[in-house]
Amino acid sequence: MHISKKKIWSAAAFVLMFTLLLSMTVFAADGEAAQPKMYATFWALIPPVVAIALALITKEVYSSLFVGILVGAMFYSNFSFEGTIVHIFKGGIISVLSNSYNVGILVFLIILGAMVSLMNRAGGSAAFGKWAGKRIKTRVGAQLATIALGMLIFIDDYFNCLTVGSVMQPVTDRHQVSRAKLSYLIDATAAPICIIAPISSWAAAVTGFVEGEDGFSIFMRAIPYNFYALLTILMMIAIVVMKFDFGTMRTHEKNAVKGDIFTTANRPYESGEEIPVNENGKVTDLLIPIASLIVCCVIGMIYTGGFFDGVDFVTAFSNSDASVGLVLGSFFGLVLTIGLYCARKVLTFKECMECIPEGFKAMVPAIMILTFAWTLKAMTDSLGAAAFVAMGVNQFAEGLMNFLPAIIFLIGCFLAFATGTSWGTFGILIPIVVAIFAETNETLMIISISACMAGAVCGDHCSPISDTTIMASAGAQCDHVTHVSTQLPYVITAALVSFVTYIIAGFVQSAWIALPVGIGLMIVTLMVIKKKTENQE
Numbered sequence: 106m107h108i109s110k111k112k113i114w115s116a117a118a119f120v121l122m123f124t125l126l127l128s129m130t131v132f133a134a135d136g137e138a139a140q141p142k143m144y145a146t147f148w149a150l151i152p153p154v155v156a157i158a159l160a161l162i163t164k165e166v167y168s169s170l171f172v173g174i175l176v177g178a179m180f181y182s183n184f185s186f187e188g189t190i191v192h193i194f195k196g197g198i199i200s201v202l203s204n205s206y207n208v209g210i211l212v213f214l215i216i217l218g219a220m221v222s223l224m225n226r227a228g229g230s231a232a233f234g235k236w237a238g239k240r241i242k243t244r245v246g247a248q249l250a251t252i253a254l255g256m257l258i259f260i261d262d263y264f265n266c267l268t269v270g271s272v273m274q275p276v277t278d279r280h281q282v283s284r285a286k287l288s289y290l291i292d293a294t295a296a297p298i299c300i301i302a303p304i305s306s307w308a309a310a311v312t313g314f315v316e317g318e319d320g321f322s323i324f325m326r327a328i329p330y331n332f333y334a335l336l337t338i339l340m341m342i343a344i345v346v347m348k349f350d351f352g353t354m355r356t357h358e359k360n361a362v363k364g365d366i367f368t369t370a371n372r373p374y375e376s377g378e379e380i381p382v383n384e385n386g387k388v389t390d391l392l393i394p395i396a397s398l399i400v401c402c403v404i405g406m407i408y409t410g411g412f413f414d415g416v417d418f419v420t421a422f423s424n425s426d427a428s429v430g431l432v433l434g435s436f437f438g439l440v441l442t443i444g445l446y447c448a449r450k451v452l453t454f455k456e457c458m459e460c461i462p463e464g465f466k467a468m469v470p471a472i473m474i475l476t477f478a479w480t481l482k483a484m485t486d487s488l489g490a491a492a493f494v495a496m497g498v499n500q501f502a503e504g505l506m507n508f509l510p511a512i513i514f515l516i517g518c519f520l521a522f523a524t525g526t527s528w529g530t531f532g533i534l535i536p537i538v539v540a541i542f543a544e545t546n547e548t549l550m551i552i553s554i555s556a557c558m559a560g561a562v563c564g565d566h567c568s569p570i571s572d573t574t575i576m577a578s579a580g581a582q583c584d585h586v587t588h589v590s591t592q593l594p595y596v597i598t599a600a601l602v603s604f605v606t607y608i609i610a611g612f613v614q615s616a617w618i619a620l621p622v623g624i625g626l627m628i629v630t631l632m633v634i635k636k637k638t639e640n641q642e
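In the working numbering, each number is its position in the sequence shown, counted from 1, plus 105.
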């Protein structure tokens, strides 16, 4: 009897969990420890490393994340059985699901899922696919259109991922672009474009971490030094125009041309049920809901920032609560969409209501992964990961001043990759950088802050437990681990070029010199990779 490799690794993960539980009963202590013995040590970063390694090996994300959570809880409780179980739920799952910001994001996900279901059933998505199919004639055009739309929706990365995915999926499917490639294009235009857009939830987050300085001014001055974001966008466009792929993505794209846009057997977003679609749907049945969603979300975000209380637009956006703003905006967008479809008699009110639970069900995989990812982050927080990283950066600061931007970039990459959060990485590293450089070298402070942001985006971009990566998988309706494994070579390539560019920037301290050099290095690197992939055929 043939046993699949996936089943073997799933069984191995189960055995590992059982062994860890057994070891806790052997090394048990009573109750939760007041101070973990592994607090603020390298061990604080081991739980996410375990989860990520298992996810990449087993291709099964849920059990892998839970094992990482389990390891973190064990470390926190000093291997107490009772303390471990209590920390997993009370300090982990219940805690993160009690957080108002997290709950807001989940509600936003559910509402967007409902809107996507509505647009599909009303025939808006299909109509747009047909309309775009007459105007977008090639695979290159379909991919460039995806990139362009992603760059236009710079308000928020969550909103970007799900909106671009739902709009462009019919177009890329028609032109046989793999779901893995679509999810990469979505992911590579989500956080990278948000981190260089002055009016975005990310800009608001960054300015909030720069205490004692003009945060918005610093953010603007840091944009030319955000090499990873800029070079990732360049790389993505160049790969599409040059018509080549490398790594496992190449296999997915070859199969897509033959008609298989998934490649992998695991297709979690396919329900197997044919959803009735209105044949009379028009392009406006997609465009009006999307436009109303964008407008309502912007209004919702500036509302939370005090715009209607007299605060100016930029300040309101900087002070906005993205979670509440997106929930308010998406709710009104949903109401307007239902009103539009009922008025046009595209769908009845009953059919609209049937789409809401359908949209909820479509988002269950993303919600589960997000919940586990947030819980895993709670484990690393409780183990003092932030304190450990702060000590490490302060040690590097002595005697390595010109290399510090490159070092901070690497630390940001690793920290965001391990914890799955860009904003958490900003919160740890930016205050440290400001403290080191504030009264010594302002230009190097700007470069280093930008390195924090670039490293955070880089690590977040490729981390299996990153919320943005999860959203990109959901938006493209691609298997999550497939998305992570196929985009990893692309992220590493952009990261290596960015690292070299940060070394140069640390010495020349000028974006006018460092950025053109980085662009040149990226183009040369891509030409070499293309040549090698062509020789392998």
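From the three backbone atoms N, C-alpha and C, an ideal C-beta is built for every residue, glycine too.
Check: Nearest candidate by alpha-carbon position, reference A296, set M273, F264, P621; Outcome: F264
Check: Three-state secondary structure assigned by DSSP to D350; Outcome: coil
Check: Own chain residues within Cβ distance below 6 Å of S397, not counting five before or after; Outcome: G438, L441
Check: Cβ-based neighbour list, V154, same chain, cut-off 7 Å, excluding 5 preceding and 5 following; Outcome: A523
Check: Endpoints, the alpha helix (DSSP H) within which S603 is located; Outcome: 585-613
Check: C-alpha gap between L150 and I241, whole angstroms; Outcome: 46 Å
Check: Cβ-Cβ distance between A247 and V276 below 8 Å; Outcome: yes
Check: Separation of D417 from I301, as counted between CA atoms; Outcome: 21 Å
Check: Inter-stretch contact (C-beta, 8 Å, three-pair minimum) for the segment 461-471 and the segment 509-523; Outcome: no
Check: For G228, three-class secondary structure by DSSP; Outcome: coil
Check: Outcome for W479 when other beta-carbon atoms lying within 10 angstroms are tallied against a minimum of 16; Outcome: buried
Check: Reduced DSSP category for Q662 - H, G, I as helix; E, B as strand; rest coil; Outcome: As shown, the chain starts at 106 and ends at 642. That puts residue 662 outside it, with no answer to give.
Check: Contact set for I258: own chain, Cβ-Cβ below 6 Å, skip 5 residues either direction; Outcome: N265, T268
Check: Option in S322, A540, P329, L336 with minimal Cα separation from T294; Outcome: L336
Check: Straight-line gap, S553 to A511 (C-alpha atoms, nearest Å); Outcome: 8 Å
Check: Cβ-Cβ separation, T526 to K85 (assumed contact under 8 Å), whole Å; Outcome: Residue 85 is absent from the structure shown; the chain starts at 106 and stops at 642.
Check: Sequence-distant residues of its chain with Cβ nearer than 6 Å to T368 (five each side left out); Outcome: H357, N360
Check: Inter-residue spacing [alpha-carbon to alpha-carbon] between M484 and A599; Outcome: 30 Å
Check: Given G386 as reference, the closest of A231, K142, F413 once Cα atoms are compared; Outcome: A231
Check: The segment 621-628 / the segment 587-606 touching (three or more Cβ pairs under 8 Å); Outcome: yes
Check: Supposed contact pair I533 and V562 - C-beta distance, whole angstroms, cut 8 Å; Outcome: The pair is not a contact, with the Cβ atoms about 15 Å apart (cut-off 8 Å).
Check: Spatially closest choice to P152 from K164, L170, T476, E165, by CA coordinates; Outcome: L170
Check: Three-state secondary structure (DSSP) of Y144; Outcome: coil
Check: Per-residue burial, M340 [other beta carbons within 10 Å of its own, 16 or more giving buried]; Outcome: buried
Check: Cβ neighbour criterion (16 or more within 10 Å) applied to T243; Outcome: exposed
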